[in-house]
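J.: I have a structure I would like to understand better, so I am pasting it below and will then ask my questions one at a time.
Protein chains: 4
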Amino acid sequence: MNRKLRMGMVGGGRGAFIGQVHRMAASLDGKIELVAGAFSSDPEKSKLSGEDFFLDPERVYGSYEEMASAEAAREDGIDFVSIVVQNHLHFAVAKTFLEAGINVICDKPLALNLEQGKELEELVNKTGAIFGLTHNYTGYPMVKEARRMVQDGELGRILKVVAEYPQGYAVGDVEGEGSGAIANWRANPEIAGASNCMGDIGTHAHNLVKYITGLEVEELAAELTAFIPGRELDDDGNCLVRFTEGVKGIIYASQISNGDENNLNIRVYGTKASLEWYQEDPNELIVKFANAPRQTYRRGNGYLGSAAQANSRTPFAHPEGFIEAFANVYLAIAQAISDRIDGVEAPEGGYDYPSVNDGVAGMAFIKACVESSKNNAAWTKLDL
Amino acid sequence: MNRKLRMGMVGGGRGAFIGQVHRMAASLDGKIELVAGAFSSDPEKSKLSGEDFFLDPERVYGSYEEMASAEAAREDGIDFVSIVVQNHLHFAVAKTFLEAGINVICDKPLALNLEQGKELEELVNKTGAIFGLTHNYTGYPMVKEARRMVQDGELGRILKVVAEYPQGYAVGDVEGEGSGAIANWRANPEIAGASNCMGDIGTHAHNLVKYITGLEVEELAAELTAFIPGRELDDDGNCLVRFTEGVKGIIYASQISNGDENNLNIRVYGTKASLEWYQEDPNELIVKFANAPRQTYRRGNGYLGSAAQANSRTPFAHPEGFIEAFANVYLAIAQAISDRIDGVEAPEGGYDYPSVNDGVAGMAFIKACVESSKNNAAWTKLDL
Amino acid sequence: MNRKLRMGMVGGGRGAFIGQVHRMAASLDGKIELVAGAFSSDPEKSKLSGEDFFLDPERVYGSYEEMASAEAAREDGIDFVSIVVQNHLHFAVAKTFLEAGINVICDKPLALNLEQGKELEELVNKTGAIFGLTHNYTGYPMVKEARRMVQDGELGRILKVVAEYPQGYAVGDVEGEGSGAIANWRANPEIAGASNCMGDIGTHAHNLVKYITGLEVEELAAELTAFIPGRELDDDGNCLVRFTEGVKGIIYASQISNGDENNLNIRVYGTKASLEWYQEDPNELIVKFANAPRQTYRRGNGYLGSAAQANSRTPFAHPEGFIEAFANVYLAIAQAISDRIDGVEAPEGGYDYPSVNDGVAGMAFIKACVESSKNNAAWTKLDL
Amino acid sequence: MNRKLRMGMVGGGRGAFIGQVHRMAASLDGKIELVAGAFSSDPEKSKLSGEDFFLDPERVYGSYEEMASAEAAREDGIDFVSIVVQNHLHFAVAKTFLEAGINVICDKPLALNLEQGKELEELVNKTGAIFGLTHNYTGYPMVKEARRMVQDGELGRILKVVAEYPQGYAVGDVEGEGSGAIANWRANPEIAGASNCMGDIGTHAHNLVKYITGLEVEELAAELTAFIPGRELDDDGNCLVRFTEGVKGIIYASQISNGDENNLNIRVYGTKASLEWYQEDPNELIVKFANAPRQTYRRGNGYLGSAAQANSRTPFAHPEGFIEAFANVYLAIAQAISDRIDGVEAPEGGYDYPSVNDGVAGMAFIKACVESSKNNAAWTKLDL
C-alpha cells in the first residue's frame, strides 16, 4: 500500500466522545486519513463537523445511505467506514456498507440483539469484507502479553477467572441528585438493547476474558439491578460463571460503584501461575506464583512477547494509554484491509483484532445475563 | 484491676501457629499473663510446651477437663481460657469452661455446625460469662474507621458490597504436586465442619462485611468447588449475596488462587462515597467520591475517629500489622473480663469485640453456602 | 485557521525514535499534517523516509538548507519545522529556518552550549517567530494541575523540592557487558555538549521544577560521575540546589540506575501541603497534608483546574500517556503559530509551551553542573 | 536459659512513646519480663509508672544510680537495662550500668557527641558487657533480606545508594502555626547534640545504608537548614555522599516535608540488579533488573534467606510492622545476653544487632554533617 487508507465515518460529529477517539486512533500512526463522513442525521450538523475535520464538503453526507452509494461509486472512495452511532443503528448501517462492498469498523456492542448479530455475521462471511469491532481493551500491549502467557502455558491449567468492570459515574442519579449521567438512549431498550450496564461495559469484561484465556462462557447465573429509580435497564450486574474446561469465575460490571472511574480488571488463576491486569494501570502486568517472588512485566521491555512489542510505540516507561490501545485495534484492522486491497494473504494464525464473531459472542452473553436475571439468577446457557 | 489478667490456653502447643499468635496478642500490652495450659491431648507434649512458656509445671495439664476443674478451684485461677483447638472441639471445650464459670476466648469458626453454635450462645447468655471470638480482622484500626464512616453516614446509603478472601497456598495440590498444604483435618467434615474454604476464611469475609456495614446476609447463591482431586470439602467458593436493605454484593473465598497470599479485602459502595480496605495493606483506607479527589486515610492520624485512634499503638507510618490487630481483639475482651471481675458496668454501646452472636451468624453463613451450592446455587436464606 | 497546519521535519527518518514521537504528537489531533522533510543528511535515506510517510517526493529534501529555502519560497510552504537532529546541529538548523522566516519546534536541549542558546534567544526575539522547545513532560495534564496548585497558593510557601530522573538502560556498559546503550554521539562532547546525563535528562528534571514551581536555580553543588569506563561524559549526577526564595532541594539524574526505566518524578513541599508526581504514573497527582487524609487527584475529573482539563482528550481513567503529553506541547505551539498566521493576539498570560527562554535556562543549568563538578562540587551560580 | 530474661528500664514512664515501644518489643515473644525501673527523675512519677506496669514497688527506683547498685546487688537482679532517656543522658546512664556489670540496650543516638561515643565503645570492650543500640529499622525481615542479597552478590557491584528519611510532622512550626511538634529538648544542642534532624532520623538512614550494603561513608557534603524560625538546630538536611569503593549517593532527612509521615526508604543500585525498600510498606522488597521483569519479594515466603525467615513471626501477608521489627532487635540482643549468662559462645559471624560500633559511626556521621554544613557544604571526611 503506497498511500494512506481512506476512512469514512458514520456518526461521531461535534462533541461525540467516541467519534473523536476513533479519529485519534485512526490518525495516530499516519497510515489512515479521514476523507468522508455522515456525522449526523441532521445534514447541517454533519456539514459543520466536516468543516471541523477539514474535509472536502462534497464528501460530507447528510445520510449514511447516500454516503455508502456515493463512496462506493468513487474511484478514490473510502476503503472502510467507522460506525460510531447508537446501538440500535449498528445493524442497518453496517449492513448498508457491507452490501455496498465497503469494509467496516463498528463500535461495540455489535447490534441490538443476538439475531441481528448473527445476520451480520452471515453477511460478513458472504461478502468477504473485513469487519472489525472495537473491543478496544484487547489492543493494550500487556493484554496481548497476558494472552501470550496463557497460550504458551505459562499459567498452567486455568482454574478461575475474575473480571470486573466497575464505574461510578452514574451514582448521582440513584438519589436523584445526578444530572442523568447515563445518556437517555442507554436507558431505552429499543435503542440500547436488552441491557444497559452489562451491554455497554459488561461485554468488555466478557470479551477480555475470552481474548486472554480463549475460554467461552458455558452458562452463567446473573443478578442485574437497576439502582436508579425509574430505570428499566440495569446499572449494575453480578454473574457467577461456568466457563469451558471446568473453569469457574465471576464477571461483574457496574455504573453505580461510587468513585470507581474505568476500573476494568481481570485476574486469571492457573495451576502454575496467575496474572492480574488493571486497565487504569495498563502498562503493567502482574504475575504471581505460589513459591517465587511476584513479578511485574512492564510494557516496552525486550523480554516481552512479539505481540506486546509490536503493539508498542514508545520505549519502556514512556506510558501508553487508551488511545494507543484503540489505535492498535485500528492498525490491525487496517492491515487486514490493506492486505485485502493488495491481494495479500492473511498471515498464518490470522489477524489480531476483534471480529464479528466476538460481537456475536457478546450479544449471546448479554442475552444470557438478561434471561438469567429475569429467572432469579438461574443458570442460563449461552446461545452459541 | 491492679494486676495482669491470668490466661489459660487449650491447644496451641509447640509449632502451632495460631496458638503462638494468641500468646503474642495477649502479651503485647503487658496486661495479660499466660499461667496455665492444656496444650496438647498428649500430656507429655503439653508439658514440654509448658516449659517453652516458662509455666509452673503444676498448671500444665494433660486434658482440658482437668484444667477447667483445677483452675476453677484455685484462688489464683485463670480469668479466661483461650481455645485454639480444631473446629470440632470448640464446642466441648468452650462448654466445659463456661460451665466451670470461666470466661472464654475462642478461635473461629465458633463450632462444628449451627446447632452447636446456638447451644453455645444460650450457654453464654445463661452463664453471663464473657465470650470473645477471634475474628481478628475486625481489630485493625482502619477497619474500625471504615465502620465509623458507615455508621456516621459518610458513605450515604450503601448500595453494593464486594468482599474477597483469595489465598493460593493450596494450589500445588490441584495437580498433585503440593505437599498437602491444607491440613488433613480441614478436609474432613467431621473435624472441620461442612465447609473448608468458606468455613475457614469465607467466614472472615462475611464477618468483615457485617462488622463494617452492619448489614446481614439475607440470602445467597453459592457455587463451592473442590479443585483438589479427592477432596470432599471446597477449596474455592463464590457467592452472589442479597443483604438487608436491598444491598447487593459478592462474597468469595479461595485457597487455590495461585500467588495470592492473604488478600482479604472489602469494597463498600454508597451513594455519597465508597471505601476500600485491603488486609495486606492494613494501615490505609481508601475513600472514593464521584466528584472529588480520592482520599487515603492513614492509621495513626489525629483526623481519624476515636476507635481507630484508641486501637493504635504507634504514630503514623510506624506500621502496625496482624499481631497488633489480634491484640486489639484481646484487649477489648480483656477489658470486658476485667470489668466483670471488678463489677464495672459495660460502657454505653457495649464492647467492641466479636461475640458468640457473630459466631452464630458465621455458622449460618457456612450452612447457607453449603446448601445453596448443593442446590446448584439456588438462592438460600440464612437460618437466623 | 480553516486548514491543517503544514509541518516540515529535519532529522527523524526511518528508525529514529524521537522523530516518530514528534510525528505522532503532531498528527494525533488532526490539526497538523507533515508535508515536507529533510530526514537524513543522506539524500537517499531521506527519500525513503519520505515514502514511508507518503510525502510528495518533491518536498523530500537532501539537506535542511535546501528545504528551508525551497519551502520559504512556496505558496503552500510549511508553517513550521520540527528539528529532531543531534544536539550539535540544533543551533545551525534552527538559525537557518528562523532566518528563512519559518517557525520552529526544536527538540531539547536547545543547543550545544549556553552561548549558542543565547544567540538563538536573540534571533527568536528579533524575528518574532514562534519557537517551541519540546520539554514534553510539561505537557502532562497533572503537571499542569501541579503548577496551578502552586500558583494558586494551595501548597503555601514552598520550602523544599526534590526532582529525580533515574534511568538504568546504560548500566550494562559499566561492566562492559552492554552493547553501548548510550549512543556514541551522546558520549562525544562535540556532538552532545558538555554533559551527557545532565544534558539529556537532568534538564528535564530542572525544567519540570521550573515549570511547576516557577522557582529558578540560584546555585548548585553538583557531583557528576562517568561510571562507564572510557567515557568522558557523565552518566550520573547529583546536585544540592539553592533555589530562589530560600527554597532548598535536590536534583538528580542517572542512566546507570539499574532497573529504573523512565522514572522522572518530583516532590514539592510547601507549608500548607505538598505534592508528588511520577511520570510513570502520569494520570495521578498526590497531594499531602500535615493533618488531613492524603489526596489523589486524577486526570479527567471536573474538579481539576482548566489547564488540566483543556489538555485532556479522554474521560477519567481512560489513561493518557507520553504521546498525548507530547501532543499537548505541539497543540500549544500550533495555536501560537496559527494565531501568528491569522494575526490573532496572544492570550492574556501568554501561551503554555516551553520556550527558547526555557532552553537558555537549561543550558545554564548544564553549564553550572559541569563547572561545579569540576570544582569538587563547589557551589556554582547559574549564568542567567 | 530456663527462665525469662529480667529487664530494667531507665526513663520511659507514663506517656513516653519510645519507652512503651521498648516494653512491647521486649514482651512480644514471652522471653523477657520487665521487673525494675527508674522511669523518671521524679521518684513519685517513677512510682506511678511502676504501678502501671504491675511492678514490685521495691524495684521501682527514684534514680538510675540507685537502681544500678541495688539491682547489681540482687541475686535476681536485672539481666539488662533499657535506656530510653534524652540523648544527653545516654552516656552517663550507660556508663553507670556497664560499670555495675549490667548489660545495656540503649536508644539511639548513642551519645551527645563522638567523644562520648568512643568512650562508651572502650568501656563496652573493657567490660565485655553486651551493648545493643536500637537502630530498630534493621530489625525488619525484608531489610535483612536486602542485606543478604547484597552480601550474596545478587546486585553485583554497588554503584549508587539513595537513602531518604522525610517526615513532615514539624511543618506547622515553620509559619508559627504549629504547637511545637519537635520537643523543646530536641532543639537544644546541650540535650540533643549538635544536630536535631540528622541526629534523630538522619542517623537511621545512615545506619540503614551501612547495614544493608556494608559501605562506610568516606566523606560527605551537607546542607543543613533550620526552616523553623528561632531554632538553632536543623530540621532538614541533604547530603551528597562518597562511600567506600567508589560508590556515590545521597542521604537526606527532613522534619518539614509536609504530609510525609515516616517515609524512611532506600534504593541500592548495583551492576546486576537494584533494590528498593520503603519502611511504610515494610513487608515488601522490590528488586529491579535491566532486562527482566521487576520482582517483589514478600515477607514470610520460603524463597527468602534464613535471616528474613528467622525474623518473621507470621505467615506471608499477615503483615508485620514496626513493633515486630523492634522486637527482632530485642530478641537478637537478648540471645547474646542469654548466651553470655549461659557461657555459650557467640555464633560464627556474630550476632545480628546494632552495636556500640554502629553508634560510634552514627556520631561520626552527625559530626561530619554539622561541620560540612558550617563550611558551606564542603566535603568532610568521617572521623573514624
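Protein chains in written order, with this note's numbering: chain A, 110 to 493; chain B, 110 to 493; chain C, 110 to 493; chain D, 110 to 493. The beta carbon of each residue, even a glycine, is placed where N, CA and C say it ideally should be.
#1: Is residue 145 of chain D helix, strand or coil by DSSP?
#2: List, in chain order, every chain C residue whose beta-carbon is nearer than 8 Å to that of residue 347 of chain D.
#3: By DSSP, does residue 118 of chain B sit in helix, in strand, or in coil?
#4: Indicate the three-state DSSP secondary structure (helix, strand or coil) for residue 275 of chain B in the structure shown.
#5: Which term fits residue 218 of chain B, buried or exposed, when burial requires 16 or more other beta carbons within 10 angstroms of its beta carbon?
#6: Residue 400 of chain A touches chain D at which residues, Cβ-Cβ below 8 Å?
#7: Rounding to the nearest angstrom, what Cα-Cα distance links residue 415 of chain C and residue 458 of chain C in this structure?
#8: Measure from the alpha carbon of residue 282 of chain C to the alpha carbon of each residue in C:119, C:366, C:272 and C:184, then state which is nearest.
#9: So with CB distances below 7 Å, who are the chain B contacts of residue 136 of chain D?
#10: Can you name the residues that DSSP bridges to residue 490 of chain B?
#11: Chain D partners of residue 407 of chain A, CB-CB under 8 Å?
#12: Count the other C-beta atoms from every protein chain shown that fall within 10 angstroms of the C-beta of residue 483 of chain B, then say buried if there are 16 or more, exposed otherwise.
#13: What does residue 230 of chain A pair with, by DSSP beta-bridge criteria?
#14: With a threshold of 8 Å, establish whether the CB of residue 264 of chain A neighbours any heavy atom of the ligand ATP.
#15: In chain order, which alpha helix (DSSP H) runs of at least 4 residues are fully inside the stretch 167-220 of chain D?
#16: Starting from residue 485 of chain B, find everything on chain A with Cβ-Cβ shorter than 7 Å and list it in chain order.
#17: Below 8 Å on the Cβ atoms is my contact criterion, and I expect residue 475 of chain C with residue 308 of chain C to pass it. Report the Cβ-Cβ distance as a whole number of Å.
#18: From the beta carbon of residue 432 of chain D, is the nearest beta carbon of chain B less than 9 Å away?
#19: Alpha carbons only, please: which of C:351, C:387 and C:323 is nearest the one belonging to residue 275 of chain C?
#20: As an exercise, report each continuous beta strand (DSSP E) stretch of at least 3 residues that is fully enclosed by the stretch 334-383 of chain D, in chain order.
#21: Is there at least one Cβ from chain B nearer than 9 Å to residue 89 of chain C's Cβ?
#22: Assign residue 452 of chain C to one of two classes, buried (16 or more other C-beta atoms within 10 Å of its C-beta) or exposed (fewer than that).
#23: Would you say residue 280 of chain D reaches chain A, if we count a Cβ-Cβ gap shorter than 9 Å as a contact?
#24: Could you work out which residues of chain D lie near residue 372 of chain B, taking near to mean beta carbons separated by less than 8 Å?
#25: I want to see whether chain B comes within less than 9 Å of residue 265 of chain A, judged by CB atoms only; does it?
#26: Tell me the rounded alpha-carbon separation between residue 311 of chain D and residue 445 of chain D.
#27: Among the candidates D:162, D:342 and D:250, whose CA atom is the shortest distance from the CA of residue 301 of chain D?
#28: Note down, one range per segment and in chain order, each beta strand (DSSP E) of at least 3 residues found wholly within the stretch 401-465 of chain C.
#29: In terms of DSSP beta bridges, what is residue 224 of chain D paired with?
#30: What's the gap between the Cα of residue 262 of chain B and the Cα of residue 256 of chain B?
#31: List the residues that DSSP assigns as beta-bridge partners of residue 291 of chain D.
#32: Helix, strand or coil: which one does DSSP assign to residue 283 of chain B?
#33: Could you tell me which residues DSSP puts in a beta bridge with residue 396 of chain C?
#34: Out of C:434, C:325, C:361 and C:322, which one is the CA nearest neighbour of residue 391 of chain C?
#35: Check the C-beta distance from residue 226 of chain C over to residue 469 of chain C and give it rounded, since I have them as a contact under 8 Å.
#36: Give the straight-line distance between the Cα atoms of residue 368 of chain B and residue 363 of chain A, rounded to the nearest whole angstrom.
T.: Based on what the coordinates show:
#1: strand
#2: 349, 357, 358 and 359
#3: strand
#4: strand
#5: buried
#6: 410, 411 and 412
#7: 14 Å
#8: C:366
#9: 136, 137 and 139
#10: B:328
#11: 402 and 403
#12: exposed
#13: DSSP output for residue 230 of chain A lists no bridge partner at all.
#14: Among the components modelled here there is no ligand, and therefore nothing to report on the ligand ATP.
#15: 173-182 and 196-208
#16: 488
#17: 5 Å
#18: yes
#19: C:387
#20: 345-352, 357-363 and 374-379
#21: Examination of residue 89 of chain C is not possible in this model, given that chain C is present from 110 through 493 alone.
#22: exposed
#23: no
#24: 426
#25: yes
#26: 28 Å
#27: D:342
#28: 403-407
#29: Beta-bridge pairing links residue 224 of chain D to no other residue.
#30: 10 Å
#31: Answer by DSSP bridge pairing: none, since residue 291 of chain D is not bridged.
#32: coil
#33: C:384 and C:404
#34: C:434
#35: 4 Å
#36: 27 Å
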